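Report on the structure given below.
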Amino acid sequence: MTAASRLILGTAQLGMPYGVMNTTGRPDPALALEIVRTALAWGIRTFDTAPGYGGAEETLGQALARSAGGEAARVVTKLPPGLDYRDAGAVRGAVQASAGRLGRTGFDLLLHEEGALDCWSEGLGDTLAQLAASGLVGRLGVSVYAPARALQALGLAGISLVQLPSNLLDARFERAGVFEAARRAGKELHVRSVFLQGLLCCDDPALLPPRLDQARTYVRTAAGVAREAGLGLRELALGYALDAYAGAGLLLGAELPAQIAANAAFAAAPRVRPAPASLRARLPGAPQSVTNPSLWPADR
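For the sequence shown, my numbering begins at 462 and goes up steadily by one.
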């Protein structure tokens, strides 16, 4: 596995304005196509999306259809939240709707709500297994927020992929042994929030909006560690993820093609950087009010 092949393009930005440092908004179709083609050109072969990301599924599907190598790309999408997971017809209908928007079948499918795991043995697991057997979907998995849910998912026979948040400021899954548990179980992990919606791309914490005052001290400390290492904060965050989460896919968003190129080039270039253990000792973690974007105050 090459460094570039570990990178996954998150496509929330293709469907809606996304990310605390996003100043460009949602890309138009031409820019979205350029973003997808740039990812493919740099060796990125996996794309993460969801029906809840505005028009991201449709935009991604159209862009891949118009790109060399797009047909062979791996797509990961999710069941929409709020479904009755015990209703096989509702689940099947949601998956077929995603297939229509993406213009393909065989995509991997995640539960978007970790609480849906409680329905796994109440019909949901069987429904999804039937969809996989039919070829409509590929691998099955779940997107989680809590380490306990990740460990629960890793223990389910039908689940082969778990997506979770982890980064320089969030060590919960490391401390809970989730990465080691996945390795032992032979299951795949995708790590999101590597840049924490852009928070860990901000070398100057003064640029953070007032609603993120609670994050400013943590970002300032991390940016200082990055400067000592001769790196930008984005590079420190990506380098940590590449080294600390060995074998896991790293889900990175982008509003511009240049961001993809910069991340892929950094991942591919051999370089000396601080060891994960030394970074974690200096950055033991931040509270969930900082690391969980759903808990951030709304824009005023």
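For every residue, glycine included, the Cβ atom is placed at its ideal position computed from N, Cα and C. Every value quoted in this text rests on a predicted model; they were computed, and no experiment measured them.
Got a sec? Which residues, its chain only, sit under 7 angstroms from Leu544 by beta carbon, not counting five neighbours each side?
-> Ala551, Val552 and Ala555
State the Cα-Cα distance for the pair Arg487 and Pro718, rounded to the nearest angstrom.
-> Approximately 13 angstroms between the Cα atoms of the pair.
Specify the secondary structure class of Arg553 as computed by DSSP and reduced to three states.
-> Helix at Arg553.
Given Leu597, which residues of its chain have a CB within under 7 angstroms of its CB, disregarding the five upstream and five downstream residues?
-> Val556, Ala560 and Thr566
Report the rounded CA-to-CA distance for Thr810 versus Gly693, giving the unit in angstroms.
-> Since the displayed the chain opens at 462 and closes at 761, residue 810 lies outside it and no answer follows.
Beta-carbon spacing of Leu625, Ala683 below 8 angstroms | Not closer than 8 angstroms, so no.
Go ahead and label Gln749 buried or exposed: buried means 16 or more other beta carbons lie within 10 angstroms of its beta carbon, across all protein chains shown.
-> Counting of Cβ neighbours within 10 angstroms places Gln749 among the exposed residues, the total staying below 16.
Any heavy atom of the ligand COA closer than 7 angstroms to the CB of Gly516?
-> The ligand COA is absent from the structure shown, which contains no ligand whatsoever.
Can you tell which of Arg636, Ala709 and Pro666 has the C-alpha that lies nearest to the C-alpha of Leu650?
-> Ala709
State yes or no: is the C-beta of Gln658 within less than 8 angstroms of the C-beta of Pro754?
-> yes
With a CB to CB cut of under 6 angstroms and the five nearest residues on each side skipped, what residues in its chain are close to Ala577?
-> For Ala577, where only same-chain residues beyond five positions count, the Cβ hits under 6 angstroms are Tyr546.
Compare the C-alpha of Val537 against each of Ile505, Ala549, Arg610 and Leu570 and name the closest.
-> Leu570
Hey, how far is the Cα of Ser402 from the Cα of Leu468?
-> Residue 402 is absent from the model: the chain starts at 462 and stops at 761.
Option nearest Gly515 by Cα separation, candidates Gly476, Leu703 and Leu622 = Gly476
Rounded Cβ spacing between Leu601 and Ser621 (contact assumed at less than 8 angstroms) = 6 angstroms
With respect to the beta strand (DSSP E) encompassing Glu649, which residues constitute its N-terminal and C-terminal limits?
-> Taken as a continuous stretch (DSSP letters only), the beta strand (DSSP E) holding Glu649 covers Glu649 to Arg653.
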